[in-house]
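The structure under discussion appears below in the form of structure tokens.
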Amino acid sequence: MRNKYLSKTNEKYLKATCRAIEKIAQPLFESFDLTFFSYRLSVGDKFVLLTNNYPWLKNCIDKNYVNYLPVMQPEHDFILWDGLPKDSPLMTILKDARENFNIAHGVTIIKSSDSKEEHFNFAAMSYNDEINNFYIQHQEILERFILYFKDKAKKIIEGALDHAISLRDLGMIKNALKQQEFYREIDYFIENTQIKSISINVEGKHLDLNYTLAHTGYYLLQGLSYKQIAKACYVSIKAVEKRLEKLKDITHTSNKKELIEFLKRSDIKKILDLALLKRSRHKQKLGWIKLFKQ
Numbered sequence: 001m002r003n004k005y006l007s008k009t010n011e012k013y014l015k016a017t018c019r020a021i022e023k024i025a026q027p028l029f030e031s032f033d034l035t036f037f038s039y040r041l042s043v044g045d046k047f048v049l050l051t052n053n054y055p056w057l058k059n060c061i062d063k064n065y066v067n068y069l070p071v072m073q074p075e076h077d078f079i080l081w082d083g084l085p086k087d088s089p090l091m092t093i094l095k096d097a098r099e100n101f102n103i104a105h106g107v108t109i110i111k112s113s114d115s116k117e118e119h120f121n122f123a124a125m126s127y128n129d130e131i132n133n134f135y136i137q138h139q140e141i142l143e144r145f146i147l148y149f150k151d152k153a154k155k156i157i158e159g160a161l162d163h164a165i166s167l168r169d170l171g172m173i174k175n176a177l178k179q180q181e182f183y184r185e186i187d188y189f190i191e192n193t194q195i196k197s198i199s200i201n202v203e204g205k206h207l208d209l210n211y212t213l214a215h216t217g218y219y220l221l222q223g224l225s226y227k228q229i230a231k232a233c234y235v236s237i238k239a240v241e242k243r244l245e246k247l248k249d250i251t252h253t254s255n256k257k258e259l260i261e262f263l264k265r266s267d268i269k270k271i272l273d274l275a276l277l278k279r280s281r282h283k284q285k286l287g288w289i290k291l292f293k294q
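Under UniProt numbering, read the sequence shown as residues 1 to 294, first letter to last.
The following block contains the structure:
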């Protein structure tokens, strides 16, 4: 199942931010064989992820890659992607980037302090493995761009950090969205499996109960008055009375109290509950969730 995390407004905002990063990185891209740049800032439990590549950013959000990023705790602050061990947790991300987004042969430069950690990622297209020599021989070029980027993107970074969310909150949001999507699928299933009649056990015999009578009995079991049942079923009170009389005949009960006791039987109650279920009962209101505030 595919979750849609971003509203159209937020999507527009993210695309505009990616275009701004693309413009800032243009001197680097035009001068050298680089095509990708991303910046990750971690302050406490909050993070900011900026890049020139919107499809990749969307992919990172959809696949929850931000949870992989904190596992990078390298001994060095200059990391060639091609030199990472094959069992690195980051290989999942790098393989996806290479095979599906033509982002490969990258380098990560890490700047750490007590209060924050910054990752500057540079990469090229998958065919360009010789770019590794450029990284090694001309690290000062990348360092100069880092200074340039932090100057030019200062307002973008500050704005993104103001609206950053924590990894914990992101996990809660994703879980809630997955749950909501699952309940929508339950509703779809219920909608497409409507039951016209049910079989109930009356004194050892299995008798069919049509949907109309079952529904009336179900509402009676919920404690609704005749008037309320009539309103719920869009019929008159007289029609409800006739249905309940027929129910009493079928169930061999002589009055309303006996009928309710019969319907309360665990096997009867269970089948009524399942057959007359209209939608999942676990709806979650997610109006409070916003990945990116405007």
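A virtual CB, placed ideally from N, CA and C, is assigned to each residue, including glycine.
| query | result |
| --- | --- |
| Within 8 Å, strictly: CB atoms of Asn210 and Lys196 | yes |
| Supposed close pair Leu221, Leu263 - CB separation, criterion 8 Å | 5 Å |
| Cβ neighbour criterion (16 or more within 10 Å) applied to His119 | buried |
| Where Arg144 falls, given that 16 or more other Cβ within 10 Å makes a residue buried | exposed |
| Rounded separation between Leu244 and Leu14 - CA only | 59 Å |
| Neighbour-count burial assignment, Ile109, 16 or more Cβ in a 10 Å radius | buried |
| Heavy atom of the ligand GTP within 7 Å of Leu244 beta-carbon | In terms of ligand content, the structure shown is empty, and the ligand GTP therefore cannot be addressed. |
| Three-state secondary structure assigned by DSSP to Arg19 | helix |
| Straight-line gap, Phe101 to Arg265 (C-alpha atoms, nearest Å) | 59 Å |
| Chain-order list of residues whose beta-carbon lies under 7 Å from that of Lys95 (same chain, five-residue window excluded) | none |
| Length of the line joining the Cα atoms of Leu50 and Lys116 | 16 Å |
| Reduced DSSP category for Lys215 - H, G, I as helix; E, B as strand; rest coil | The sequence given here has His at residue 215, not Lys. Looking at His215 - three-state DSSP - the assignment turns out to be helix. |
| Option nearest Leu213 by Cα separation, candidates Ile146, Glu99, Leu276 and Lys270 | Leu276 |
| Supposed contact pair Ala160 and Val43 - C-beta distance, whole angstroms, cut 8 Å | In fact, because the Cβ distance is near 11 Å, the residues do not count as touching under 8 Å. |
| Euclidean distance between Cα positions of Thr17 and Ser225 | 58 Å |
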